[in-house]
Amino acid sequence: MFDDGRALLAFGASEAMAAYLNDTDLPDAVYAECDVNHVYAELDWLVEGQGRVMSCWQGPSETALYLHGRSFEAMREATADFLASCPLCAKARLVQTA
Numbered sequence: 001m002f003d004d005g006r007a008l009l010a011f012g013a014s015e016a017m018a019a020y021l022n023d024t025d026l027p028d029a030v031y032a033e034c035d036v037n038h039v040y041a042e043l044d045w046l047v048e049g050q051g052r053v054m055s056c057w058q059g060p061s062e063t064a065l066y067l068h069g070r071s072f073e074a075m076r077e078a079t080a081d082f083l084a085s086c087p088l089c090a091k092a093r094l095v096q097t098a
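Mapping to the numbering used here: the sequence shown position 9 is 9, numbers consecutive.
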């Protein structure tokens with residue numbers, strides 16, 4: 001409840017996870033041999049039924065993949081093994097964004 005009597009309404013129930021891939025500090029061979037489109041597709045497949053990759057963004061030093069789903073923790077757990085084993089995901093960081 002706000003001070004003026006208006007009620008606060010809950011909006012939405014999804015959570016979001018951003019996977020920020022390092023675009024500058026990995027060996028050149030990793031960038032030459034790996035494809036971010038594969039990472040996008042694999043993450044989308046791994047969270048199927050509980051979320052999906054909704055968008056991506058490429059900046060000067062990172063590429064971000066934005067996932068939305070029912071639970072940040074469930075998406076993190078579903079993608080953990082892949083993120084740990086994929087060379088392009090070395091030095092990646094995960095952030096709960098919603």
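C-beta atoms are modelled at their ideal positions from N, C-alpha and C, and glycine is treated no differently.
Quick caveat: nothing in here was measured; it's all calculated off a predicted structure.
Asked                                                                                                                                                          : Found
Give me the residue from F11, A13, N22 with the minimum Cα distance to S61.                                                                                    : N22
Within 10 angstroms of its Cβ, does V53 collect 16 or more other Cβ (buried), or is it exposed?                                                                : buried
I need the straight-line Cα distance from C34 to G59, nearest angstrom please.                                                                                 : 18 Å
Is the Cβ-Cβ distance between C89 and V47 less than 8 Å?                                                                                                       : no
In chain order, what are the residue ranges of uninterrupted alpha helix (DSSP H) at least 4 long that sit wholly in the region 54 to 92?                      : 72 to 85
Spell out a yes or no on whether the region 12 to 19 and the region 67 to 82 are touching, meaning 3 or more CB-CB pairs, one atom from each, closer than 8 Å. : yes
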